[in-house]
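First comes the structure, then the notes that go with it.
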Amino acid sequence: MSGVLQLVRADLRDFAGYSSARSAKASGDIWLNANESPWPNRADPTASVRRYPEPQPEKLRAALASLYGVPREQLLIGRGSDEAIDLLVRALCAPARDAVLVTPPVFGMYAVCARVHGARIVEVPLRDDSDDFRNDLEVVAERALAENVKIVFLCSPGNPAGGAIPAEQVLVLARQLDGRALVVVDEAYIEFAGVPSLAGKVACQANLAVLRTLSKAHALAAARVGCVIADPTLIEVLRRCQAPYPVPAPCANLALAALEPAALAATREHVATIRAQRETLRKLLASCAGVRRVYPSQANFLLVRFDDAGAAYAALLAAGIVVRDQRTALQLGDALRISIGTPEQNAGVLAALQRQTVS
Ligand SMILES: Cc1ncc(COP(=O)(O)O)c(C=O)c1O
2 MSGVLQLVRA DLRDFAGYSS ARSAKASGDI WLNANESPWP NRADPTASVR
52 RYPEPQPEKL RAALASLYGV PREQLLIGRG SDEAIDLLVR ALCAPARDAV
102 LVTPPVFGMY AVCARVHGAR IVEVPLRDDS DDFRNDLEVV AERALAENVK
152 IVFLCSPGNP AGGAIPAEQV LVLARQLDGR ALVVVDEAYI EFAGVPSLAG
202 KVACQANLAV LRTLSKAHAL AAARVGCVIA DPTLIEVLRR CQAPYPVPAP
252 CANLALAALE PAALAATREH VATIRAQRET LRKLLASCAG VRRVYPSQAN
302 FLLVRFDDAG AAYAALLAAG IVVRDQRTAL QLGDALRISI GTPEQNAGVL
352 AALQRQTVS
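Residue numbers (this note's numbering): 2 to 360.
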């Protein structure tokens with residue numbers, strides 16, 4: 002059995018999944034095999050959505066594989082990386098027996114998917130060192146080996162902490178957990194970071210998987226296009242566990258257009274602006290009265306501690322600016338997460354916070 006297949010739930014290893022009409026290998030001119038309407042809807046005069054879409058739109062798969070520098074067999078497209086998180090938990094964890102390891106404060110969907118599926122949750126909190134939040138990967142390895150953990154979710158750059166985990170440390174962890182757990186690195190914000198993606202390492206480390214999304218740097222959050230990059234054997238298993246038509250055709254077409262060279266060049270410019278704005282805003286916020294600490298960030302947001310986070314949140318809201326209140330998250334009782342906006346929006350954030358401390 003391939004090493005990574007050993008990590009899949011025993012009852013799903015040879016599960017065939019649903020065989021959709023669209024996946025049947027047949028050719029013809031008249032398609033009467035999927036109970037679709039023979040006429041388009043009046044709202045769809047070009048009949049662009051009359052028929053079910055390709056289960057994995059091949060052109061988009063190829064474009065994403067090329068963007069991320071991986072073979073297409075290593076890539077599965079889903080409804081955002083959220084779907085990939087859910088699929089991984091369902092395919093690998095036996096409910097009530099296996100566990101998922103998370104490193105709070107971190108993106109909440111790993112624990113939500115585990116909870117809904119009935120998988121146990123093992124928490125190894127980030128360490129708030131003097132200069133940054135850090136992952137304690139030695140403790141992660143110990144707990145994962147001791148507690149039947151099937152998936153370790155790492156977020157790099159971390160949401161909301163903002164820091165990236167050095168690639169070599171992730172690879173050491175994956176080697177330690179080889180045959181025991183899958184290490185999933187969520188790279189939703191990697192485009193904003195000064196470090197390379199781990200996607201290229203999946204080929205030599207089968208228990209490593211990487212999540213990527215078009216929701217952030219590529220500005221397609223509502224299109225819901227994300228993917229998991231993993232060993233082809235695992236990708237096959239996940240595909241069989243996935244809903245039959247996960248990628249709506251209009252979303253696939255939009256995503257393809259967003260990956261054309263001109264659109265990619267514009268995206269890179271926006272990313273460069275966000276990165277520059279992040280550093281400017283970080284310095285200015287750090288010198289703002291009432292701000293206790295601004296964490297370094299490799300993402301498109303800043304995590305900020307305040308003397309009175311509630312008052313800062315209210316002041317921003319009064320100026321019409323909505324930020325993410327982090328006060329209920331572990332270790333973040335005094336913190337807000339502020340996404341980097343346009344230069345004008347960022348100036349508005351500063352002005353609102355400055356007004357609040359003056360008044
Ligand atoms: C770390 C992280 N991963 C995944 C997601 C979900 O992304 P998607 O829109 O691709 O589902 C988010 C969304 O905020 C996120 O912060």
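For every residue, glycine included, the Cβ atom is placed at its ideal position computed from N, Cα and C.
Look at residue 156 here: in three-state DSSP terms it is strand.
A buried status is given to residue 160, since no fewer than 16 other beta-carbon atoms sit within 10 Å of its beta-carbon. Every unbroken stretch of the beta strand (DSSP E) spanning 3 or more residues and falling wholly within the segment 181–259 is given here in chain order: 183–187, 209–214, 226–230.
According to the DSSP secondary-structure assignment, residue 117 is paired through a beta bridge with no residue. The three-state secondary structure of residue 284, taken from DSSP, is helix.
For the options 179, 263, 141, 59, the alpha carbon positioned closest to that of residue 219 is the one of 263. For residue 210, the number of other beta carbons within 10 angstroms of its own is at least 16, and it is reported as buried. A distance criterion of 7 Å places the beta-carbon of residue 227 in contact range of ligand 1, judged by its closest non-hydrogen atom. Going by beta carbons, residue 230 and residue 111 fall outside the 8 Å limit. When the beta-carbon positions are compared, residue 226 and residue 78 come within less than 8 Å of each other. Of the heavy atoms belonging to ligand 1, none sits nearer than 7 Å to the Cβ of residue 104.
The criterion of a C-beta distance shorter than 8 Å is satisfied by residue 242 and residue 91. Between the segment 292–302 and the segment 192–200 there are three or more C-beta pairs closer than 8 Å, enough to call the two in contact. Close CB contacts of residue 149 within its chain, under the 8 Å cut and outside five residues either way in sequence, are with 98, 99, 100, 121 (chain order). For residue 171, the closest C-alpha among the options 184, 163, 254, 162 is that of 184.
DSSP, reduced to helix, strand and coil, places residue 90 within a helical segment of the structure shown. Counting the other CB atoms within 10 Å of its CB gives residue 58 a total of 16 or more, which places it among the buried residues. Using a C-beta cut-off of 8 Å, the segment 267–280 makes no contact with the segment 136–145, since fewer than three inter-stretch Cβ pairs fall below that distance. Proximity to residue 188 across 347, 326, 166, 205 peaks at 166, based on C-alpha coordinates. Shortest gap from the CB of residue 160 to any heavy atom of ligand 1: under 7 Å. As far as DSSP is concerned, residue 108 takes part in no beta bridge.
Comparing alpha-carbon positions, the option among 320, 331, 115, 45 lying closest to residue 129 turns out to be 331. In this model, residue 26 and residue 244 are separated by some 19 Å (Cα to Cα). Under the three-state reduction of DSSP output, residue 77 falls in the strand class.
A residue is called buried once 16 or more other Cβ atoms fall within 10 Å of its Cβ, and residue 158 is buried on that count. Going by beta carbons, residue 355 and residue 289 fall inside the 8 Å limit.
Between the segment 246–264 and the segment 79–90, the count of Cβ pairs shorter than 8 Å is three or higher; the stretches touch.
Ranked by Cα distance from residue 133, the options 179, 303, 334 are led by 303.
Residue burial is scored here from C-beta neighbours: residue 164 has at least 16 other C-beta atoms within 10 angstroms and is therefore classed as buried. Annotated three-state conformation of residue 123 is strand, per DSSP.
A distance below 7 Å between beta-carbons, with the five flanking residues on each side excluded, links residue 292 to the following residues of its chain, in chain order: 286, 305, 307. Residue 102 is bridged by DSSP to 123, 153. Every unbroken stretch of the alpha helix (DSSP H) spanning 4 or more residues and falling wholly within the segment 291–349 is given here in chain order: 310–319.
When the beta-carbon positions are compared, residue 357 and residue 310 stay at least 8 Å from each other.
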